[in-house]
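J.:
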Amino acid sequence: MSTHRNWAGNVRYAARAYHRPSSVDELRELVAGSDRIRAVGSGHSFNRLGDTTGDQVTLAGLPATVRLDEARRQVEVPAAMRYGELATWLHERGYALANLASLPHISVAGAVATGTHGSGAVIGNLATAVAGLELVTASGELRTVQRGSADFPGMVVSLGALGIVTRLTLDVLPTFDIRQYVQLDLPRAALDEALDSAYSVSVFTDWRSTRGTQVWRKQLADQPPPPAGWLGTTAADRPWHPVPGMPTVNCTEQLGVAGPWHERLPHFRLGFTPSSGEELQSEYHLPRAVAADALAALDEVAHLIAPVSQTSELRTVAADELWLSPNQGRDSLAIHFTWIADASAVLPVVAAVEGALAPFAPRPHWGKVFTIPTEEIAATYPHWTDFAALLSRLDPTATFRTEELDHLFPR
18 MSTHRNWAGN VRYAARAYHR PSSVDELREL VAGSDRIRAV GSGHSFNRLG DTTGDQVTLA
78 GLPATVRLDE ARRQVEVPAA MRYGELATWL HERGYALANL ASLPHISVAG AVATGTHGSG
138 AVIGNLATAV AGLELVTASG ELRTVQRGSA DFPGMVVSLG ALGIVTRLTL DVLPTFDIRQ
198 YVQLDLPRAA LDEALDSAYS VSVFTDWRST RGTQVWRKQL ADQPPPPAGW LGTTAADRPW
258 HPVPGMPTVN CTEQLGVAGP WHERLPHFRL GFTPSSGEEL QSEYHLPRAV AADALAALDE
318 VAHLIAPVSQ TSELRTVAAD ELWLSPNQGR DSLAIHFTWI ADASAVLPVV AAVEGALAPF
378 APRPHWGKVF TIPTEEIAAT YPHWTDFAAL LSRLDPTATF RTEELDHLFP R
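Going left to right, the sequence shown walks through residues 18 to 428 as this note's numbering numbers them.
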């Protein structure tokens, strides 16, 4: 059994062998000769979606070439590259991505494949920036697919089920500056207005009251700062960390100091510990239109959430048309939970949270802890059967299958 674990340490991978190819041709040969294989990225998933009893492969040894096409405003990047490294590279050349996740430590391919996101009422998740993919299929063939092709909407957020992505082409835009302000003690009634108030907004809560404990407003640098008493909040006069008691040096700069997009949109700095480091995570995406009712339902189980929660974060994500994106077809409120690192204490609360959210068609984040039955998840995705058909067609030998994938998409 592999000695490799995920970042959180709650999953020990069951792979029989671990590989680090140094070229795409070596990867193609490895895939063609394996009956079961999975790629592993930065390990920031909290479940066994990426686990396998076959071969596990890291793409960190593949050539790290980045190619910028200024005419098309696109960049072609290696799958294993971390967003923080890509962002620095782009900024130095005058370009940016539309958004980033709270952690810059995650790999591009892994984040895209699971529908990972940042926040912003009119900004899609990270996968929506993808304009093209290069991947190795089960036969060892190297295939490219571009935005506009028939299979493309099903191949971007793919859960790693369709092949091993080696390179991605992403849309870019001119670089820009952000100022980050933290406001404290937001009334629940002002949540919608707060989430719409800046380029990217996160509202944190501890479920000990209905108020938001912190509001992280990441606004364009040329916009005026929030006025005194903004939405009934108090302006922070020192840096804050989303998890109370954790070192604020880990976090991106606050207090309205202008800085490049990639040094403000994430919550955490690339060279420092992301989040708390000892944790489990869950997240659910709901239609934004039902946000108030869904939060009221969670208030009924807040007494269960609070004792095992380190923090909880509310963010917005714009709708898209990627088949397995948690935001497919609907503008979303994402409700994120950072739990204590105790599965036996957390899992019953996860079940209670999912029970409270059940009437609102929740879609779980693919890389986090969830227990919603497959049939309930499938019912929220209009293209679920389309993806199942694509999966059968592109991986007829079940080379990229895992136990988790078989549970979601039975053969």
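In this text, a Cβ means the ideal position worked out from N, Cα and C, and glycines have one as well.
Can you give me the Cβ contacts of Pro427 inside the same chain, cut-off strictly under 6 Å, excluding the 5 residues immediately before and after it?
T.: Position 410 of the sequence shown holds residue 427. So the list is empty, once near-sequence residues are dropped.
J.: Okay, do the region 229-242 and the region 189-206 touch, 3+ Cβ pairs below 8 Å being the bar?
T.: The region 229-242, when compared against the region 189-206, does touch it at the 8 Å Cβ threshold.
J.: Start and end of the alpha helix (DSSP H) containing Asp403?
T.: As a working note, residue 403 is residue 386 in the sequence shown. Segment Trp401 to Leu411, the alpha helix (DSSP H) holding Asp403.
J.: Identify the continuous alpha helix (DSSP H) that holds Ser361 and give its terminal residues.
T.: Within the sequence shown, residue 361 is the residue found at index 344, counting from 1. Looking at the DSSP string, the run of the alpha helix (DSSP H) that includes Ser361 is Ala360 to Leu374.
J.: Quick one: what does DSSP say Ile455 is sitting in, helix, strand or coil?
T.: Absent from the model: residue 455. The displayed extent of the chain is 18 to 428, so no value can be given.
J.: Assuming Leu339 contacts Pro170 (C-beta within less than 8 Å), just tell me the rounded distance between them.
T.: Walking along the sequence shown from the start, residue 339 turns up at place 322. Walking along the sequence shown from the start, residue 170 turns up at place 153. Confirmed, about 5 Å.
J.: Find the nearest neighbour of Ala306 within the set Arg332, Leu350 and Val274, judged by alpha-carbon distance.
T.: Along the sequence shown, read from residue 1 onward, the residue named residue 306 stands at position 289. Ranking the options by Cα distance to Ala306, first place goes to Leu350.
J.: Would you kindly work out how many angstroms separate the C-alpha atoms of Pro242 and Ile195, rounded to a whole number?
T.: Numbered from its first residue, the sequence shown carries residue 242 at position 225. Numbered from its first residue, the sequence shown carries residue 195 at position 178. Approximately 11 Å, taken between the alpha carbons.
J.: If we ignore side chains and look at the alpha-carbon of each, how far apart do Ala319 and Val57 end up?
T.: Here residue 319 refers to the residue found at position 302 when the sequence shown is read from its first residue. Here residue 57 refers to the residue found at position 40 when the sequence shown is read from its first residue. So the alpha carbons of these two residues sit roughly 35 Å apart.
J.: Thinking His382 and Pro343 are a contact (beta carbons under 8 Å), I'd like their distance in whole angstroms, please.
T.: Sequence index remark: in the sequence shown, residue 382 carries index 365 (1-based). Sequence index remark: in the sequence shown, residue 343 carries index 326 (1-based). Indeed they touch by this definition, with Cβ atoms about 6 Å apart.
J.: In its own chain, which residues sit with a C-beta less than 6 Å from the C-beta of Gln271, not counting the 5 before and 5 after it?
T.: Indexing the sequence shown from 1 puts residue 271 at position 254. Hits under 6 Å: Gln197, Val199 and Pro256.
J.: In chain order, which alpha helix (DSSP H) runs of at least 4 residues are fully inside the region 291-354?
T.: Fully enclosed alpha helix (DSSP H) runs of 4 or longer: 308-316 and 319-322.
J.: Between Gly177 and the rest of its own chain, which residues show a CB-CB distance below 7 Å, the 5 nearest in sequence each way excluded?
T.: Taking the first residue of the sequence shown as position 1, residue 177 is located at position 160. Same-chain partners within the cutoff: Arg55, Ala56, Gly67, Ala130 and Phe417.
J.: Kindly indicate which three-state DSSP category Ile195 falls into: helix, strand or coil?
T.: The sequence position of residue 195 within the sequence shown is 178, counting from 1. Three-state result, Ile195: strand.
J.: Taking Ala375 as the reference, which of Gly384, Thr388 and Leu364 has the closest Cα?
T.: Stepping through the sequence shown from its first residue, residue 375 is reached at position 358. Ala375 has its Cα closest to that of Thr388, out of Gly384, Thr388 and Leu364.
J.: Whole angstroms are fine: how far does the CA of Thr391 sit from the CA of Asp188?
T.: For the purposes of this step, residue 188 is taken as the residue at position 171 of the sequence shown. For the purposes of this step, residue 391 is taken as the residue at position 374 of the sequence shown. Taking the straight line from one Cα to the other gives about 33 Å.
J.: So, are the CB atoms of Val74 and Pro38 less than 9 Å apart?
T.: Taking the sequence shown and counting its residues from 1, the one referred to as residue 74 is at position 57. Taking the sequence shown and counting its residues from 1, the one referred to as residue 38 is at position 21. Yes.
J.: I'd like to check one pair, Arg184 with Leu143: are the Cβ atoms closer than 9 Å?
T.: Position 126 of the sequence shown, counted from the start, is the residue given in the question as residue 143. Position 167 of the sequence shown, counted from the start, is the residue given in the question as residue 184. Their beta carbons are not under 9 Å apart, which means Leu143 does not touch Arg184 by this criterion.
J.: Between the alpha carbons of Gly248 and Val325, how many angstroms are there, rounded?
T.: Reading the sequence shown from its first residue, position 231 is the one you call residue 248. Reading the sequence shown from its first residue, position 308 is the one you call residue 325. One detail in the question is off: residue 248 reads as Leu in this sequence, not Gly. Taking the straight line from one Cα to the other gives about 29 Å.
J.: Evaluate contact between the region 115-122 and the region 91-105, counting only Cβ atoms and requiring at least three cross-stretch pairs below 8 Å.
T.: Enough Cβ pairs lie closer than 8 Å, so yes.
J.: Leaving out five residues before and five after Thr397 in sequence, what residues of the same chain have Cβ atoms less than 7 Å from its Cβ?
T.: One-based indexing of the sequence shown puts residue 397 at position 380. Ala378 and Arg380.
J.: Alpha carbon to alpha carbon, how far is Val48 from Ala336? Give it in angstroms, no decimals.
T.: As a first step, residue 336 must be located in the sequence shown, where it is residue number 319. As a first step, residue 48 must be located in the sequence shown, where it is residue number 31. The alpha-carbon atoms of Ala336 and Val48 are separated by roughly 34 Å.
J.: Just how far apart, CA to CA, sit Asp403 and Pro277?
T.: Sequence index remark: in the sequence shown, residue 403 carries index 386 (1-based). Sequence index remark: in the sequence shown, residue 277 carries index 260 (1-based). For Asp403 and Pro277, the distance between alpha carbons rounds to 40 Å.
J.: Quick one: what does DSSP say Glu93 is sitting in, helix, strand or coil?
T.: For the purposes of this step, residue 93 is taken as residue 76 along the sequence shown, with counting starting at 1. Three-state DSSP puts Glu93 in a strand.
J.: Look at the alpha carbon of Pro191 and the alpha carbon of Ile322, and state the distance between them as a whole number of angstroms.
T.: As a working mapping, residue 191 is identified with position 174 in the sequence shown. As a working mapping, residue 322 is identified with position 305 in the sequence shown. The straight-line gap from Cα to Cα measures roughly 41 Å.
J.: Thinking C-beta only, is Gly141 closer than 9 Å to Ala113?
T.: Residue numbering aside, residue 113 sits at position 96 when the sequence shown is read from its first letter. Residue numbering aside, residue 141 sits at position 124 when the sequence shown is read from its first letter. Result no, Cβ atoms of Ala113 and Gly141 do not sit closer than 9 Å.
J.: Note down the Cα distance separating Ala215 from Asp209, rounded to an integer number of angstroms.
T.: Along the sequence shown, one-based indexing puts residue 215 at 198. Along the sequence shown, one-based indexing puts residue 209 at 192. The straight-line gap from Cα to Cα measures roughly 12 Å.
J.: For Val260, count neighbouring Cβ atoms within 10 angstroms of its own Cβ and tell me buried if that reaches 16, exposed if not.
T.: Taking the first residue of the sequence shown as 1, we reach residue 260 at position 243. It is buried - the Cβ of Val260 has at least 16 other Cβ atoms within 10 Å.
J.: Would you check if the distance between the CB atom of Ala96 and the CB atom of Ala118 is smaller than 9 Å?
T.: Stepping through the sequence shown from its first residue, residue 96 is reached at position 79. Stepping through the sequence shown from its first residue, residue 118 is reached at position 101. Not a contact, by the Cβ cut-off of 9 Å.
J.: According to DSSP, is Met18 helix, strand or coil?
T.: Sequence index remark: in the sequence shown, residue 18 carries index 1 (1-based). Model confidence at Met18 stands at a pLDDT of 46, short of 50, so the residue's coordinates are unreliable; what they give is reported in the following sentence. In this structure, Met18 counts as coil in the three-state DSSP scheme.
J.: Go through its chain and collect everything with a Cβ distance to Met164's Cβ below 6 Å, but skip five positions before and after it.
T.: Residue 164 sits at position 147 when you count from the first residue of the sequence shown. Before going further, note that residue 164 is Arg rather than Met in the sequence given. Answer for Arg164: Ala148, listed in chain order.
J.: Given that a residue counts as buried once 16 or more other Cβ atoms are within 10 Å of its Cβ, and exposed if not, what is Thr133?
T.: By 1-based counting over the sequence shown, the position of residue 133 is 116. When all chains shown are included, Thr133 counts as buried.
J.: Between the Cα of Thr70 and those of Leu85, Leu297, Thr154 and Asp52, spot the shortest distance and give me the residue it belongs to.
T.: In the sequence shown, residue 70 corresponds to position 53, counting from 1. Out of Leu85, Leu297, Thr154 and Asp52, Asp52 has the C-alpha closest to the C-alpha of Thr70.
J.: Given a cut-off of 9 Å on the beta-carbon distance, is the pair Val370 and Leu297 in contact?
T.: Indexing the sequence shown from 1 puts residue 370 at position 353. Indexing the sequence shown from 1 puts residue 297 at position 280. Cβ distance not < 9 Å, so Val370 and Leu297 don't count as in contact.
J.: Going by C-alpha distance, which of Ala275, Val274 and Glu280 is nearest Asn267?
T.: By 1-based counting over the sequence shown, the position of residue 267 is 250. Per the Cα distances, Glu280.
J.: Taking just the CA atoms, how far does Met172 sit from Tyr499?
T.: Look at the range of the chain in this structure, 18 to 428, and you will see that residue 499 is not part of it.
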